Amino acid sequence: MNRRIAVLISGRGTNLQSIIDATASGALNATIAVVVSNRADAHGLTRARDAGIEALHLSPREHPNRDAYDLAIVAALRSRDVHLVCLAGFMRLVGRPLLDAFPERILNIHPSLLPSFRGLEAQRQALDHGVRISGATVHLVTSDLDDGPIVLQAAVRVQDDDTVETLSARILAEEHRIYPEAIGRLLDRGWRIEGRRVRFPAKPE
Ligand code: GRF
């Protein structure tokens, strides 16, 4: 299987860093073909360049509408022969052109145990709701926000004295662990979708 991936970011890029580190250590057998940011000031672009990975800023403002912007991303990924697209703090809704170009091949990481607490500030939502367990989810991206089939999850206990910051930090540590693992599992095993379930074919003997 083609093991070339792209990572789409908007900000600090700690999940990107965990994927870079996993490929560098050999824990994840994949090639990060390109990192794309919608923001010029995303620190993740620097992380990519420091690791010798091509880093592209594609500005939405330079495209007339959302579809045109999505198509520019598609062109950038296709020309680099990308097989799997990993959103890592990419703060834009993924539109039809991108979804259609990479059907069931776009991943996202979200800081809650989906389907709880979709959308922004998931850690604050979890604290406000009073749940005792939250966590992180890697899922395939569909046209509905934070709603696609789940690849991997990790649970994190909420402590009585947790703040958004302390809970976010513990969830982030789990994100950094499960995102490279999920990517590796998909690339190693392949996958198919049954209903809402991600199925991994049995490992070859
Ligand atoms: C992470 O919490 C991720 O779950 C969410 O956005 C944040 C990105 O952080 N989708 P980083 O840019 O990877 O540090």
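Read left to right, the sequence shown gives residues 286 to 490 (my numbering).
Every residue, glycine too, gets a C-beta built ideally from N, C-alpha and C.
Quantities reported herein were computed from a predicted structural model and do not represent experimental measurements.
Could you tell me if the beta carbon of residue i falls within a distance shorter than 7 Å of some heavy atom in the ligand GRF?
i: residue 442; result: no
i: residue 420; result: no
i: residue 491; result: With the chain covering only 286 through 490, there is no way to say anything about residue 491.
i: residue 300; result: yes
i: residue 294; result: yes
i: residue 460; result: yes
Select from the options the residue whose C-alpha is nearest the C-alpha of residue i.
i: residue 467; options: 292, 298, 313; result: 313
i: residue 290; options: 408, 382, 469, 347; result: 469
i: residue 374; options: 486, 321, 386; result: 321
i: residue 318; options: 479, 421, 293; result: 293
i: residue 401; options: 435, 330, 428, 476; result: 435
i: residue 406; options: 359, 456, 380; result: 456
Secondary structure at residue i, three-state DSSP: helix, strand or coil?
i: residue 378; result: coil
i: residue 338; result: coil
i: residue 369; result: strand
i: residue 422; result: strand
i: residue 416; result: coil
i: residue 449; result: helix
Measure the Cβ-Cβ separation of residue i and residue j and say whether it is below 8 Å.
i: residue 411; j: residue 437; result: no
i: residue 441; j: residue 415; result: no
i: residue 431; j: residue 382; result: no
i: residue 425; j: residue 392; result: yes
i: residue 303; j: residue 461; result: yes
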